[in-house]
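*Asks:*
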Amino acid sequence: MILAIARKAAPLALVALGIAAPFALPAFLVQLTFLWIMIVFALCWDILGGQMGYNSFGNIAFFGIGVYAATIVQIGLFQDVAAYTAAGGMQTINLTPTQYFTGLFVGLAAAPLLAAAVAVVLGLALLGLRGHYFAIATLGLGIAAGELAAAWSYLGGSSGVQVPVYPGSLESGRLLFYFLSAGLGVATFLSLRWLYATRFGLAINAIRDDEDKAEALGLRTTRYKVIAWCIGAVFLGIAGGLVGHIIGFIDPREVAFAGASFGVWMILMAILGGKGTLWGPVIGAVIFHGMRELFWTYLFGWQNVAMGVLIVVVVVFFPFGILGWLRRRYPQLFLRDAPAARAGAAE
Amino acid sequence: MDNLFLLFQAPPLALQLLIDGILIGAVFALAAYGLALVWGVMNIINVCQGEFVMLGGYVALHVARAGLSPFFGIPAAMIVLFAVGWLAYRLVIFRVVERDLFISLLATFGLSILLGQLMNLTFGANIESLDAHLGAWFFFDGIVTVAQIKVVALLVTLVIAGLLVAFMRRSRLGQAIRATAQNARAARILGVDTDRVYAMTYALNAAICGAAGALVAMIWVISPFGGLIYTVRSFMIVVLAGLGNLVGVIVAALGLGAAEQFVGFIFGAQFQVAFVFLALVAILVLRSWRLRRERRYLA
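Chains B and V, in that order, give the protein sequences. Count the first sequence with numbering that gives the first Met the number 0 and you get residues 0 to 346, in order. Count the second sequence with numbering that gives the first Met the number 0 and you get residues 0 to 298, in order.
1) Check whether the segment 41 to 50 of chain V and the segment 185 to 194 of chain V touch, using three or more Cβ-Cβ pairs below 8 Å as the test.
2) Would you list the one or two residues that DSSP bridges to residue 50 (chain V)?
3) On the criterion of 16 or more Cβ atoms from any shown chain inside 10 Å, does residue 14 (chain B) qualify as buried, or is it exposed?
4) Please list, in chain order, the chain B residues whose beta carbon lies closer than 7 Å to that of residue 270 (chain V).
5) Quick check: the Cα distance between residue 50 (chain B) and residue 203 (chain B), rounded to an integer number of angstroms?
6) Any beta carbon of chain V sitting closer than 8 Å to that of residue 132 (chain B)?
7) Using the C-alpha atoms, what's the distance from residue 205 (chain V) back to residue 54 (chain B)?
8) So, at 8 Å on beta carbons, what are the nonlocal neighbours of residue 263 (chain V) in its own chain, with the 5 sequence-adjacent residues on each side left out?
9) When the Cβ atoms of the segment 26 to 34 of chain B are set against those of the segment 163 to 174 of chain B, are three or more pairs found closer than 8 Å?
10) Can you pull the chain B residues whose beta carbon is under 7 Å from the beta carbon of residue 95 (chain V), in chain order?
11) Just reading off the beta strand (DSSP E) that residue 38 (chain V) is part of, what are its end residues?
12) Taking C-beta to C-beta, are residue 247 (chain B) and residue 41 (chain B) nearer than 8 Å?
13) Identify each residue in the segment 163 to 193 of chain V for which the Cβ-Cβ distance to at least one residue of chain B is less than 9 Å, and report them in chain order.
14) Taking buried to mean at least 16 other C-beta atoms within 10 Å of its own C-beta, is residue 291 (chain B) buried or exposed?
15) Give the interface partners of residue 292 (chain V) over in chain B, defined as CB-CB distance under 7 Å, in chain order.
16) What does residue 91 (chain V) reach in chain B if we use C-beta pairs closer than 8 Å?
17) Report yes or no: is there a C-beta of chain B within less than 8 Å of the C-beta of residue 240 (chain V)?
18) Buried or exposed for residue 281 (chain B), please, with buried defined as at least 16 other CB atoms from any protein chain shown within 10 angstroms of its CB.
19) Can a CB atom of chain B be found closer than 8 Å to the CB of residue 273 (chain V)?
20) So, is residue 95 (chain B) buried or exposed, given that buried needs 16 or more other C-beta atoms within 10 angstroms?
21) Considering only residues of the same chain and omitting the five flanking positions on each side of residue 220 (chain V), which have a CB-CB separation below 7 Å?
22) With DSSP collapsed to three states, give me the class of residue 219 (chain V).
23) Might you give, ordered along the chain, the residues of its own chain that have their beta carbon closer than 8 Å to the beta carbon of residue 284 (chain V), omitting 5 neighbours on each side?
24) Alpha carbons only, please: which of B:76, B:126 and B:21 is nearest the one belonging to residue 288 (chain V)?
25) Is residue 323 (chain B) close to chain V, meaning its C-beta is less than 8 Å from at least one C-beta of that chain?
26) Using a Cβ-Cβ distance under 8 Å, would residue 58 (chain B) count as near chain C?
27) Among B:205, B:66, B:52 and B:227, which has the Cα closest to the Cα of residue 261 (chain B)?
28) Identify the contact partners of residue 284 (chain V) in chain B, using a Cβ-Cβ distance below 8 Å as the criterion.
29) According to the Cβ coordinates, are residue 109 (chain V) and residue 270 (chain B) closer than 8 Å?
30) Using a Cβ distance threshold of 8 Å, determine whether the segment 19 to 26 of chain V contacts the segment 147 to 162 of chain V, with at least three qualifying pairs required.
31) Can you give the Cα-Cα distance for residue 287 (chain B) and residue 20 (chain B), rounded to whole angstroms?
32) I'd like to know if residue 64 (chain B) contacts chain V, where contact means its C-beta is closer than 8 Å to some C-beta of that chain.
33) So that I know if they touch, is there some Cβ in chain B lying closer than 8 Å to that of residue 287 (chain V)?
34) Taking buried to mean at least 16 other C-beta atoms within 10 Å of its own C-beta, is residue 212 (chain B) buried or exposed?
35) With a threshold of 8 Å between beta carbons, is residue 74 (chain B) in contact with chain V?
36) Please return the same chain residues whose Cβ sits closer than 7 Å to the Cβ of residue 251 (chain V), not counting the five positions on each side in sequence.
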């Protein structure tokens, strides 16, 4: 009974918390914004990694495409991009508020479209690989994308792109991007919750459990795999567009295609929380983000080493994550319907 | 693209690129052989392969800085890396050896990040290289230069490869390693201590990487985060050659070295790294397409 009420009330409480947080903790606004982005990262990785059993190290590529697409479109609507990037940081960009917001939203619409288009092409090529080979190929893909961006002078090459400055006050800009990120996080979560409850969710779970059998039963596995990758790419593309604006500067290797930071974190967060579950990546993202902030505060200089240790420890000792552990320890909590079933499990 | 025409106008330039590529490719072959060894015996793809290479380079660098001849750096790097590999096995790898493939992949990836960061803190983020104080040979009026150290590196590679083959064929441990690779369970029943075999295999792989790293430091550059590309190169070479095909590994490594040199020259050095990673993706995709016609998969 209490559990049932908790199930109903928890989402509302979380939404209220999400809306109140930036006003309650204004000093941590940027960290809170990134928390939502991290949740999107973990959820998107888990579509393939957890639900479909395809462990991708290259999802960061779609994020990076989103970062570049949003900003380049925003600038390109009103100015010559090549001249702007060629000047490096020397040329400042002055957009009127109307131009800025038009560009922002057109850019944020273009980012997922481009990311999804790339995901279709790459998916058709790469999703025929399995296991180790898929993992390593996507690892190569993520880094190759970063290197190509760093070598492409239209995108500013390795010196990156300066993102247009928000026309209002700093505070209002941060609030706007907080709520955009929060909206994206909630939208991602709700979309995936709906998707996993449909035939699509069953299909990708079937692919995870036994792909050959799923195919033999008549599932068009390639189609499902590509669609799943596209869905991840869409949300990652939007997240990329937002992150470009939140950070204010695009570096090809450190921001856009940051395989060694964002790229690894998204895997780690999903595993920490429990991959293959809906709430696992969310929980993992919250805990991981908190730990990361602690590392950055108290282990200055050693924070990246601590991250490396954390990855090894989580993977080796805790591969099923928090929810996976809970599910083994207290299976009755995870039974969907009816107290009767719960009582049955308890016996 | 101008450089492409330059190649046709001055053929010795192409020769230069080919020689450089082949001599560098020999070092890739060492790291790739180590990767294939661990893959074949333990069924682990060792993602921190490149970090072992870089660490070997740093050991050689510090041996040389201590006043010893740079060539002492090669055995020193092998010994230190053997210890590092053994330690890594005893701390982490033995827990993931017979687990899900993804867990071992991610665990070694975590090790790779950890080692990269530790090297960054210990040795600094700069790109470094070790001068072995050897000269160069000049051909075609100085158009083609062959640094002697690169030839030495090739010879060292050949010696190490020969020793490895002899070790695997003749020695008791080498036979145990091969037996474990063929069938770990049967080997265990027949009295092979597979845990020790795994530890030795992993440490041996690290030592091979250490030697490769010492050579890389002398003929090229090392940096704390420059490891991943060596992992990718090794993986690509092994995929091209197939597991357990030593000749194939050498041919693929030399070919990759040469291809990289040509791409770097024609498109510019900034595309060289991108080329390696794109080539990896392309090779895997092409192989999977060919297999798919027979309803088989790379897995």
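For every residue, glycine included, the Cβ atom is placed at its ideal position computed from N, Cα and C.
*Replies:* With the given structure in hand:
1) Contact fails: fewer than three Cβ-Cβ distances are below 8 Å.
2) Numbered from its first residue, the second sequence carries residue 50 (chain V) at position 51. Residue 50 (chain V) pairs with nothing; no bridge assigned.
3) In the first sequence, counting from the first residue as 1, residue 14 (chain B) sits at position 15. Per the 10 Å Cβ criterion, exposed.
4) Translated into positions along the second sequence, residue 270 (chain V) becomes position 271. 150, listed in chain order.
5) The residue given as residue 50 (chain B) occupies position 51 in the first sequence. The residue given as residue 203 (chain B) occupies position 204 in the first sequence. In this structure, the alpha-carbon of residue 50 (chain B) lies about 6 Å from that of residue 203 (chain B).
6) Counted from its first residue, the first sequence places residue 132 (chain B) at position 133. Yes, residue 132 (chain B) lies at the interface with chain V (some Cβ there is under 8 Å from its Cβ).
7) As a working note, residue 54 (chain B) is residue 55 in the first sequence. As a working note, residue 205 (chain V) is residue 206 in the second sequence. Residue 54 (chain B) and residue 205 (chain V) have their alpha carbons spaced roughly 26 Å apart.
8) As a first step, residue 263 (chain V) is located in the second sequence; it is residue number 264 there, counting from the start. Excluding the 5 residues flanking it on each side, residue 263 (chain V) has same chain C-beta neighbours closer than 8 Å at 270, 271 and 274, in chain order.
9) The segment 26 to 34 of chain B vs the segment 163 to 174 of chain B: in contact.
10) As a working mapping, residue 95 (chain V) is identified with position 96 in the second sequence. Neighbours of residue 95 (chain V) in chain B, taken as residues at a C-beta separation under 7 Å, are given in chain order as 315.
11) Residue numbering aside, residue 38 (chain V) sits at position 39 when the second sequence is read from its first letter. Note, residue 38 (chain V): premise wrong, no beta strand (DSSP E); alpha helix (DSSP H) at 10 to 41.
12) Along the first sequence, one-based indexing puts residue 247 (chain B) at 248. Along the first sequence, one-based indexing puts residue 41 (chain B) at 42. It is not a contact, given that the beta carbons lie outside the stated cut-off.
13) For the segment 163 to 193 of chain V, the set of residues with a beta-carbon nearer than 9 Å to any beta-carbon of chain B is empty.
14) Position 292 of the first sequence holds residue 291 (chain B). Residue 291 (chain B) comes out buried.
15) Here residue 292 (chain V) corresponds to residue number 293 of the second sequence, with the count starting at 1. Think of a sphere of 7 Å around the beta carbon of residue 292 (chain V): no beta carbon from chain B falls inside it, the nearest being about 11 Å out.
16) By one-based count along the second sequence, residue 91 (chain V) stands at place 92. Scanning chain B for C-beta atoms nearer than 8 Å to the C-beta of residue 91 (chain V) yields 311 and 315, reported in chain order.
17) Position 241 of the second sequence, counted from the first residue, corresponds to residue 240 (chain V). With 8 Å as the cut-off, residue 240 (chain V) does not count as an interface residue toward chain B.
18) For this step, residue 281 (chain B) is matched to residue 282 along the first sequence. Around the beta-carbon of residue 281 (chain B), 16 or more other beta-carbon atoms lie within 10 Å, marking it buried.
19) Stepping through the second sequence from its first residue, residue 273 (chain V) is reached at position 274. Closer than 8 Å to some Cβ of chain B, the Cβ of residue 273 (chain V) qualifies, so yes.
20) Within the first sequence, the letter at position 96 stands for residue 95 (chain B). Counting every other CB atom within 10 Å of its CB across the protein chains shown gives residue 95 (chain B) a total below 16, marking it as exposed.
21) In the second sequence, counting from the first residue as 1, residue 220 (chain V) sits at position 221. Answer for residue 220 (chain V): 126, 127 and 128, listed in chain order.
22) Numbered from 1 along the second sequence, position 220 holds the residue referred to as residue 219 (chain V). When secondary structure is reduced to three states using DSSP, residue 219 (chain V) falls in the coil class, being assigned neither helix nor strand.
23) The sequence position of residue 284 (chain V) within the second sequence is 285, counting from 1. Same-chain partners within the cutoff: there are none.
24) Reading the second sequence from its first residue, position 289 is the one you call residue 288 (chain V). Minimum Cα distance to residue 288 (chain V) is reached at B:126.
25) On the first sequence, residue 323 (chain B) is found 324 positions in, with the first residue counted as 1. Taking Cβ atoms only, chain V never reaches closer than 8 Å to residue 323 (chain B), which makes this a no.
26) Among the protein chains in the structure shown, which are B and V, there is no chain C.
27) Working through the first sequence from its first residue, we reach residue 261 (chain B) at position 262. Of B:205, B:66, B:52 and B:227, the residue nearest in Cα terms is B:66.
28) On the second sequence, position 285 is the one that residue 284 (chain V) refers to. Correct list: 124, 125, 127, 128 and 136.
29) Counted from its first residue, the second sequence places residue 109 (chain V) at position 110. Counted from its first residue, the first sequence places residue 270 (chain B) at position 271. No; because the gap between Cβ atoms is not below 8 Å, this pair is not in contact.
30) The answer is yes - the segment 147 to 162 of chain V touches the segment 19 to 26 of chain V, with three or more Cβ pairs under 8 Å.
31) Within the first sequence, the letter at position 288 stands for residue 287 (chain B). Within the first sequence, the letter at position 21 stands for residue 20 (chain B). Answer to the nearest angstrom: the Cα atoms are 18 Å apart.
32) Position 65 of the first sequence, counted from the first residue, corresponds to residue 64 (chain B). Residue contact check for residue 64 (chain B) against chain V: no CB pair falls below 8 Å.
33) Taking the second sequence and counting its residues from 1, one reaches residue 287 (chain V) at position 288. Among the CB atoms of chain B, one or more fall inside 8 Å of the CB of residue 287 (chain V).
34) Position 213 of the first sequence holds residue 212 (chain B). Within a 10 Å sphere around the beta-carbon of residue 212 (chain B) sit fewer than 16 other beta-carbons, which makes this residue exposed.
35) Walking along the first sequence from the start, residue 74 (chain B) turns up at place 75. Output row for residue 74 (chain B): interface = no.
36) Position 252 of the second sequence, counted from the first residue, corresponds to residue 251 (chain V). Non-local beta-carbon contacts of residue 251 (chain V) in its own chain, meaning distances under 7 Å to residues more than five positions away in sequence, involve 236, 239 and 240 in chain order.
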